[in-house]
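Going by the working numbering, the sequence shown opens with residue 241, and the numbers climb by one from there. Think of the CB as a built atom: it goes at the ideal place given N, C-alpha and C, for glycine as much as any other residue. Note that this is a predicted model, so its numbers are computed, not measured.
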Amino acid sequence: MLHKKHINFFKKLLPENFVFSERGDCWAYGYDNSKMHVVPECVLFANDKLQIQSIVKYCFENNIPITTRGRGTGNTGGSVPIDKSIVLSLEKMNKILNIDIKNRFCEVQPGVINKELQKELKKENFFWGPDPSSQDYSTIGGNIANNSAGPRAIKYGTPRDNILGLEFISGIGEIYKTGVKTSKGVVGLDLTRLFTGSEGILGILTEATLKILPCNNAIKTVEITFDSVADASQTIINLMSQPITPYKLEFIDGESIKLINTIKTDHYDTSIKSAILLEIDGELEYIDLMLNKVIKVIKEGNFNNIKIADNKDEIEKLWSARKSLSPALREIGGYKINEDIVVPISNLTNLLNSLEEISKKYNIKIVNFGHAGNGNIHVNLLFKTKEEKETDNSKKCLEEIFDLVLRLNGTLSGEHGIGIIKKQYIEKEINKDTLVLMKKIKEQFDPKNILNPNKSI
Ligand SMILES: Cc1cc2nc3c(=O)[nH]c(=O)nc-3n(C[C@H](O)[C@H](O)[C@H](O)COP(=O)(O)OP(=O)(O)OC[C@H]3O[C@@H](n4cnc5c(N)ncnc54)[C@H](O)[C@@H]3O)c2cc1C
């Protein structure tokens, strides 16, 4: 139980309505998209880094754990306040501080919503690379903490490729600045990349300098269907082996196609076993030339049909099929385990064939789709009941999938992170000595382990 004196301290420190301690008020700050829910005893808001510094210094003195929260859209419990943590919500730290077109960067507070930033940048005909599907709701702070990205990561990268510098507050309340405001720089250790993707365990991000890029003025969208998964994965490999890097390259398997057909009747012919949605971007005067080159590469492999979207409606129709997958998974009801593994794309065929065998072996329906150009596949194990999801059979099935991914030189998470949900599997990928080193690094940033304790590593 959090002592009343702590709540009184926070109430004196922060502006009115920046401290919640009623259970009803705190309820919505206890869960994320992992569906885990722990109601915190206290939720704090801050709109200034000095407030955060005072909060951390007080929590350090009084051994109070802090869970930093963006908008709680994470998939692995990262912002769920376990271990009697208070929640520090950064949703009010939502200012875009500066957009510097000449030097190609912008400076933002962590609570800025990704989409809001993209809207402001678009006015200047620029954008920030990372585009997670949650971009309408998720914050830049959450995106950086989880290294979150979306379909265009294949060409424009993840936050790790798109950040110049950061400002953060450590677990003892010191304010640190990392990185540069230049496009080159090699002074000191690269703490910016260390912090990015560290899931809030090293510090509380208070400001970020983001690398921005000019928008291309033309995009072409193509849907390719296949009679087998192997034909699709070979085409993905062929596309990644030629010089025109796709803007987006999304894959869906046969089970995904069946699912799409249940809610978007006859979008695909029933004989289709997989599909790719491909986009390329470029300057208007060159885009058709680029498209022709890419189509030539596709035609070198086996395919069923190639559809080039000619207008806005057709583009929307093609994307609406891909985007209907997550809602469709929700609509069919039941329970799922949703993983986001990655393999080198030359191992995609092997991965997808083996997943089909694992699905048969454990009698569990598996639906696969995702950002194929990065080899990042969302593997969804579907169950009718909660009990079915929690059987030894499903656990063994998941273990076998993870072992397969690691054998194929892959990684257990491309974008969701470890959080709480995947912590039990981290030792499969990272050896003990390396984990010890990582924990020692955390100790330097957060000696009392008060920032997101017991998560990630
Ligand atoms: C519908 C949907 C679609 C999604 N699509 C994608 C996708 O395409 N790609 C993808 O990568 N992810 C996706 N996600 C996952 C999620 O949206 C991302 O992880 C997102 O970046 C989380 O942002 P958030 O603001 O909600 O952060 P939260 O969920 O609140 O927090 C996530 C983690 O970041 C930490 N954190 C937050 N702010 C800070 C800060 N200022 N300083 C330090 N640590 C901080 C938290 O402690 C927590 O560990 C999706 C989620 C949903 C619900």
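A straight-line Cα-Cα distance of about 23 angstroms links Asn-315 and Ile-403. Boundaries of the beta strand (DSSP E) around Asp-340: 336–340. In this structure, Phe-543 sits away from Thr-589, with a CB-CB distance that is not shorter than 8 angstroms. Distance from the CA atom of Cys-282 to the CA atom of Leu-242, rounded to whole angstroms, is 8 angstroms. Annotation note: the region 574–661 contains the following uninterrupted alpha helix (DSSP H) runs of length 4 or greater, listed N- to C-terminal: 588–602, 626–629 and 632–647.
A distance criterion of 7 angstroms places the beta-carbon of Thr-436 beyond contact range of ligand 1, judged by its closest non-hydrogen atom. Cβ-Cβ separation between Val-607 and Glu-579: approximately 11 angstroms, too far for a contact (criterion under 8 angstroms). At a cut-off of 7 angstroms, the beta-carbon of Asp-553 does not count as near ligand 1: no heavy atom of the ligand is closer than that. The region 391–401 and the region 485–495 touch, with no fewer than 3 CB-CB distances between them shorter than 8 angstroms. For the set Ala-561, Ala-389, Glu-525 and Asn-689, the Cα lying nearest the Cα of Ser-373 is the one of Ala-389.
Going by DSSP, Glu-447 is part of the beta strand (DSSP E) stretching over 444–451. Looking only at Ile-412, Ser-423 and Lys-332, the smallest Cα-Cα distance to Thr-379 is reached by Lys-332. With three or more CB-CB distances shorter than 8 angstroms, the region 586–601 counts as touching the region 465–482. For Lys-342, the closest alpha carbon among the candidates Asp-430, Phe-609, Ile-464 and Thr-422 is that of Thr-422. At a Cβ-Cβ threshold of 8 angstroms, Ile-384 and Leu-453 do not count as neighbours.
In this structure, ligand 1 has no non-hydrogen atom nearer than 7 angstroms to the beta-carbon of Asn-334. Within 7 angstroms of the C-beta of Asp-288 there is not a single heavy atom belonging to ligand 1. A distance criterion of 7 angstroms places the beta-carbon of Leu-450 beyond contact range of ligand 1, judged by its closest non-hydrogen atom.
Within the region 463–522, the runs of beta strand (DSSP E) that reach at least 3 residues and sit entirely inside it are, in chain order, 488–493 and 514–522.
Annotation: the continuous alpha helix (DSSP H) that includes Arg-570 extends over 565–571. For Lys-289, same chain residues with a beta-carbon under 6 angstroms away, outside a window of 5 residues either side, are Thr-446 in chain order. In this structure, Leu-499 places its C-beta atom within 8 angstroms of the C-beta atom of Ala-568. Distances from the alpha-carbon of Leu-330 to those of Ala-286, Ser-511 and Lys-576 put Ala-286 closest.
When C-beta atoms of the region 658–669 are compared with those of the region 264–279, three or more pairs fall below 8 angstroms, so the two segments count as touching. With respect to the 8 angstroms criterion, Glu-655 and Arg-562 are not classified as neighbours on the basis of their beta carbons. Out of Val-420, Lys-576 and Lys-680, the CA that lies nearest to the CA of Lys-629 is found in Lys-576.
Take Glu-519, set aside five residues on each side of it, and the residues of its chain with a beta-carbon closer than 7 angstroms to its own are Ile-459, Lys-460, Thr-461, Pro-486, Tyr-487 and Lys-488, in chain order. The C-alpha of Glu-463 lies about 7 angstroms from the C-alpha of Ile-548.
Just so you know, the alpha carbons of Glu-301 and Phe-366 end up roughly 44 angstroms apart. Shown here for Arg-400: same chain residues with a beta carbon closer than 7 angstroms to its own, the five before and five after excluded, namely Asn-387, Arg-433, Thr-436 and Gly-437 in chain order. Shown here, Gly-419 sits in a strand according to DSSP, grouped into three states. Out of Tyr-508, Thr-625 and Lys-251, the CA that lies nearest to the CA of Gly-574 is found in Thr-625. According to DSSP, residue pairing for Ser-329 in a beta bridge involves Phe-285 and Arg-309.
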